[in-house]
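Trainee: My questions all concern the structure below.
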Amino acid sequence: MSELLPGVTGVLVLADGTVFQGVGVGAAGDAVGEVCFNTAMTGYQEILTDPSYMAQIVAFTFPHMGNVGANVEDLEQMSGGASTAARGAIFRDVPTPPANWRADSDLDGWMTRRGVVGLAGIDTRALTLTIREKGMPNGVIAHAPDGKFDLPALKAKAREWGGIEGLDLAKDASCLQPFVFEEGLYSWPEGYAKPSATPKYDVVVMDYGVKRNILRSLVSIGARVTVVPASTSAEDVLARKPDGVLLSNGPGDPAATGAYAVPEIRKLVDSGTPIFGICLGHQMMALALGAQTVKMDQGHHGANHPVKDLTTGKVEIVSMNHGFTVDRDSLPTPVKESHISLFDGTNAGLELEGRPVFSVQHHPEASPGPTDSLYLFERFAGLMDKAKA
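Just so you know, our numbering puts 50 at position 41 of the sequence shown, and the rest follows in order with no gaps.
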């Protein structure tokens, strides 16, 4: 398509040349990334600030976004803007004005200040169908208030971008220096809880792009939480004498980050220290134990995914956000599959027989259930109790 319709101020240009036309929202400019769809009905601010979405453009399938606005409390990344989280956002309708007592800003203005390029007014069902049939494409989202776009240049930019496969993005999403996190889970009307004055556990978090609510959940089980950079050696971690280590979520290709992280994870496993992995941490745990990861066609992105815990038979509704998966056929004998997705049967968790080591693909710190998966943090606490005893 070479001609744009009158009034168009935003476009999405895919690598195959497909152009979606609409209304630009948020920051002016353009951003390149992998286009995925998210089926969540709520939590758009948390999604757009999740470091796991770094280098991605998120299309929301729920048509109405913006009604709760945005605020300074519901941020998942520790720092930064669109450079270390979602690069763009796509909506069916123009975001509505906020109607919520916690709102500090409307969604449009918040996106503008963060540098997130947005597009509204397109047929998100057609885009979702394209992704389901052809996989997650590379694309460029662009917003020009004057309606002037260089479509050939945008198509070339989308076509020439190499994609997420092979990229180590965790190094950019990670913190630069160790720090102690001191904030518990949110409750109304008190807000975020204060940490215990006498913490029961010392937990070190390997930061591959950690979400705040993972850290809050650790504080809620009585942990003193120390966050360290992704490149931290196992020796430096163990020198802190932790009761447990958490391998965090994060963006990018697990095999690329695993080039330096996997050897350290193996040392941590060999130390006998209880270890809990989440999302990217789960994938790199699998690599460290001898399994393999593969790129998914459309990934799992949403807050309504059913997962079965094979150790209890329990089914939970979880939040998921991943474009890679652990190849269950590659799991070595000592590793047991603990969770599976009931959408497509892909692996969603593992545990190492005879060792206090387990991990899950989904996000137990998120709240779609709303507390279906918080037991995993209690399971981690139980492993630490046993190790301390």
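Even for Gly, the Cβ is constructed at its ideal location relative to N, Cα and C.
Model, not experiment: these values are computed from the prediction.
#1: To the nearest angstrom, report how far apart Leu277 and Ile284 are at their CA atoms.
#2: Take the Cβ of Asp186 as the centre, count every other Cβ of all protein chains shown within 10 Å, and call the residue buried at 16 or more, exposed below.
#3: Pop quiz: Pro146 and Val44 are said to be a contact at Cβ under 8 Å. What is the actual Cβ separation, rounded to whole angstroms?
#4: Among the candidates His348, Gly193 and Glu387, whose CA atom is the shortest distance from the CA of Thr321?
#5: Name, in chain order, the residues that DSSP records as bridge partners for His73.
#6: Nearest-angstrom Cα distance between Glu174 and Gln307?
#7: Assuming Gly354 and Met329 are in contact, meaning their beta carbons sit under 8 Å apart, how far apart are those beta carbons, in whole angstroms?
#8: Quick one: is Leu289 buried, meaning 16 or more other Cβ sit within 10 Å of its Cβ, or exposed?
#9: In its own chain, which residues sit with a C-beta less than 6 Å from the C-beta of Asp406, not counting the 5 before and 5 after it?
#10: Does the beta-carbon distance from Pro208 to Gly33 come in below 8 Å?
#11: If you count every other CB in all the chains shown that lies within 10 Å of the CB of Lys157, and 16 or more means buried, which is it?
#12: With DSSP as the reference, please indicate the residues paired to His314 in a beta bridge.
#13: Is Asn222 helix, strand or coil when you go by DSSP?
#14: Taking the alpha-carbon of Ser196 as reference, which of Met293, Leu163, Asp83 and Ser61 has the nearest alpha-carbon?
#15: Looking at Gly52: is its Cβ nearer than 8 Å to the Cβ of Gly127?
#16: How is the alpha helix (DSSP H) around Tyr217 delimited, first residue to last?
#17: Confirm, please, whether the CB-CB distance from Val335 to Pro377 is below 8 Å.
#18: Going by C-alpha distance, which of Leu136, Arg122, Ala94 and Asp59 is nearest Arg101?
#19: Classify Met99 as helix, strand or coil using the three-state DSSP reduction.
#20: Here's a check: name, in chain order, each residue in its chain whose Cβ is nearer than 8 Å to the Cβ of Thr133, leaving out the five neighbours to either side.
#21: Following the continuous alpha helix (DSSP H) through Ala248, name the residue where it begins and the one where it ends.
#22: Looking only at its own chain, which residues have a Cβ that is under 8 Å from the Cβ of Ser280, when we skip the five neighbours before and after it?
#23: Do you know offhand how far Arg364's Cα is from Gln301's?
#24: Taking the straight line between their C-alpha atoms, what separation do you get for Leu255 and Met305?
#25: If we call anything under 8 Å between Cβ atoms a contact, is Ile66 one with Arg111?
#26: Considering only the alpha carbon of each residue, which of Ser257, Ala239, Lys250 and Pro251 lies closest to Arg225?
#27: I need the DSSP call for Glu192, collapsed to helix, strand or coil.
#28: Between Val103 and Gln54, what straight-line distance do the alpha-carbon atoms span, to the nearest angstrom?
#29: Would you grab the beta carbon distance between Val369 and His291 for me? Rounded to a whole angstrom, and I think it's under 8 Å.
#30: Alpha carbon to alpha carbon, how far is Ala182 from Pro373? Give it in angstroms, no decimals.
#31: Under the DSSP definition of a beta bridge, which residues are partnered with Glu85?
Mentor: Quick answer:
#1: 8 Å
#2: First, the residue type needs correcting, since residue 186 is Gln and not Asp in the sequence shown. Exposed, by the Cβ-count rule.
#3: 5 Å
#4: His348
#5: Per DSSP, none; premise fails for His73.
#6: 13 Å
#7: Gly354 to Met329, Cβ: 14 Å. No contact.
#8: buried
#9: Summary: the structure shown does not reach residue 406, with the chain confined to residues 10 through 398, and so no result is reported for it.
#10: no
#11: exposed
#12: Val327
#13: helix
#14: Asp83
#15: no
#16: Per DSSP, Tyr217 belongs to no alpha helix (DSSP H) and is neither H nor E.
#17: no
#18: Leu136
#19: It should be pointed out that residue 99 corresponds to Ile in this sequence rather than to Met. DSSP places Ile99 in strand when its eight states are reduced to three.
#20: Phe46, Ala68, Phe69, Thr70, Pro72, Ile99, Phe100 and Arg101
#21: Ala243 to Ala248
#22: Ala243 and Leu247
#23: 20 Å
#24: 25 Å
#25: no
#26: Ser257
#27: coil
#28: 16 Å
#29: 6 Å
#30: 20 Å
#31: Beta-bridge pairing links Glu85 to no other residue.
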